[in-house]
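Those letters in the sequence shown? Residues 1 to 295, by full-length UniProt numbering. We put the CB at the ideal spot given by N, CA and C, even for glycine.
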Amino acid sequence: MTRTKAFLLMLIVTAGWGASYMWMKIALTGVHPLMVVGLCFMIAFIAMAIVFPKALMKTTKRDCGISFVLGLLLFLLFTSVVVGLKTTSASTAGFLTSTTAIFVAIFDAILHRRWPGRLTVVTTVTVIVGLYLLTASGPMVLNRGALFCLGTAALYAVYILLSDHWAKKRQVTLKVSILQLGVAGGLGMGTGFLFEPVTFPTTVKQWGAILALGLICSAFGFMVQPLAQRVLDPETISLIFSLEPLFAALFAFLVLGEVLTGREAVGAAIIFMSVVVAQVAKARAVSKMSPGGQK
1 MTRTKAFLLM LIVTAGWGAS YMWMKIALTG VHPLMVVGLC FMIAFIAMAI
51 VFPKALMKTT KRDCGISFVL GLLLFLLFTS VVVGLKTTSA STAGFLTSTT
101 AIFVAIFDAI LHRRWPGRLT VVTTVTVIVG LYLLTASGPM VLNRGALFCL
151 GTAALYAVYI LLSDHWAKKR QVTLKVSILQ LGVAGGLGMG TGFLFEPVTF
201 PTTVKQWGAI LALGLICSAF GFMVQPLAQR VLDPETISLI FSLEPLFAAL
251 FAFLVLGEVL TGREAVGAAI IFMSVVVAQV AKARAVSKMS PGGQK
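Okay, here's the thing in structure tokens:
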């Protein structure tokens with residue numbers, strides 16, 4: 001897979017996740033949060049197992065171990081953002097859960113005992129500024145729900161770095177991508193049965209939202225991400241994910257008729273240009289390091 005193809009696929013994945021807020025809102029009108037998480041991931045697991053039945057054959061202990069860790073992280077981060085949204089404003093939650101790029105840069109620097117590159121620092125700062133302008137319409141209040149949302153960003157950064165580490169070693173295979181969905185789905189449904197009143201979708205619209213979350217956001221998204229991470233670095237992945245609020249605003253305009261204010265439009269433009277500049281610089285660096293380029 002080339003960098004260009006990986007970049008485009010991750011853009012499609014991010015667009016799907018941008019639409020997930022709309023689908024999640026519909027699903028939560030009739031289903032409790034933990035069960036929403038469980039149903040989405042279980043549907044994704046079943047769909048992937050049907051499409052790729054041979055992928056689950058000859059599963060090793062290493063496959064199971066990696067799948068459990070990644071699946072647990074998926075369950076925790078999706079659950080934390082749902083819980084966070086119960087007690088904090090949408091603007092605060094949107095800003096905090098989109099700070100994954102900062103946590104990736106911090107954790108990566110700690111792990112490798114080095115400072116983040118100048119490009120990473122500049123683009124991360126500009127993305128954060130853009131995210132604030134785009135999503136923070138009210139005062140930032142770090143209540144309990146906001147802390148859960150901040151924890152979501154940190155958990156997702158850990159997920160990105162771990163999956164990147166294993167993807168580079170070719171250990172995040174299609175088998176692992178499928179199994180992690182089953183782990184997250186099982187944990188979601190299991191905890192849902194234990195700690196929530198048992199609820200399932202009751203309308204066509206609710207089932208449509210659950211299916212979209214499971215097939216588009218979960219099955220497709222978490223199958224593509226490990227493949228893309230074989231050629232894209234963690235900073236690039238996290239910066240692409242920073243486009244999620246931009247796609248969310250676009251779907252809100254197309255489906256709900258919501259229009260960005262002047263300030264929000266400026267924030268969206270800053271985010272978009274930051275990612276474009278980062279990708280151009282990365283592409284030039286890779287070209288210079290390639291056998292046909294300058295050393």
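Would you identify the three-state DSSP class for residue i, choosing helix, strand or coil?
{"i": "Thr202", "result": "coil"}
{"i": "Ala281", "result": "helix"}
{"i": "Gln229", "result": "coil"}
{"i": "Met1", "result": "coil"}
{"i": "Glu196", "result": "coil"}
{"i": "Gly257", "result": "coil"}
{"i": "Leu155", "result": "helix"}
{"i": "Gln294", "result": "Here the model assigns Gln294 a pLDDT of 42, short of 50, so the residue's position is not dependable, and the following value carries that caveat. In this structure, Gln294 counts as coil in the three-state DSSP scheme."}
{"i": "Thr173", "result": "coil"}
{"i": "Ser274", "result": "helix"}
{"i": "Ser242", "result": "coil"}
Short check: CB of residue i to CB of residue j, under 8 Å?
{"i": "Pro234", "j": "Val31", "result": "no"}
{"i": "Met35", "j": "Glu196", "result": "yes"}
{"i": "Leu133", "j": "Gly267", "result": "yes"}
{"i": "Ser80", "j": "Gly151", "result": "yes"}
{"i": "Glu244", "j": "Thr14", "result": "yes"}
{"i": "Ile240", "j": "Leu11", "result": "yes"}
{"i": "Leu155", "j": "Leu77", "result": "yes"}
{"i": "Ser218", "j": "Cys40", "result": "yes"}
{"i": "Ser6", "j": "Leu213", "result": "The sequence given here has Ala at residue 6, not Ser. Cβ atoms of Ala6 and Leu213: not closer than 8 Å."}
{"i": "Ala44", "j": "Leu215", "result": "yes"}
{"i": "Leu246", "j": "Phe272", "result": "yes"}
{"i": "Ile66", "j": "Val176", "result": "yes"}
{"i": "Val231", "j": "Met1", "result": "yes"}
{"i": "Met129", "j": "Ile270", "result": "The amino acid at residue 129 is misidentified as Met; the sequence shows Val. It is a contact, given that the beta carbons lie within the stated cut-off."}
{"i": "Gly185", "j": "Met42", "result": "yes"}
Thinking residue i and residue j are a contact (beta carbons under 8 Å), I'd like their distance in whole angstroms, please.
{"i": "Ala153", "j": "Phe75", "result": "The Cβ separation is near 16 Å, so there is no contact."}
{"i": "Ala209", "j": "Trp17", "result": "The Cβ separation is near 14 Å, so there is no contact."}
{"i": "Thr124", "j": "Ala101", "result": "5 Å"}
{"i": "Ala228", "j": "Leu56", "result": "About 22 Å; that fails the 8 Å criterion."}
{"i": "Ala145", "j": "Gly84", "result": "First, the residue type needs correcting, since residue 145 is Gly and not Ala in the sequence shown. Rounded, the Cβ-Cβ distance is 4 Å, consistent with contact."}
{"i": "Ala157", "j": "Phe107", "result": "6 Å"}
{"i": "Thr126", "j": "Ser274", "result": "4 Å"}
Could you say if the segment 151-167 and the segment 45-56 meet the contact criterion of at least three C-beta pairs nearer than 8 Å?
no
With three or more beta-carbon pairs closer than 8 Å as the criterion, would you say the segment 109-122 touches the segment 62-73?
no
Runs of 4 residues minimum, wholly inside the UniProt domain "EamA" (5-135): which ones carry the alpha helix (DSSP H) assignment?
33-51, 61-87, 90-97, 100-112 and 118-135
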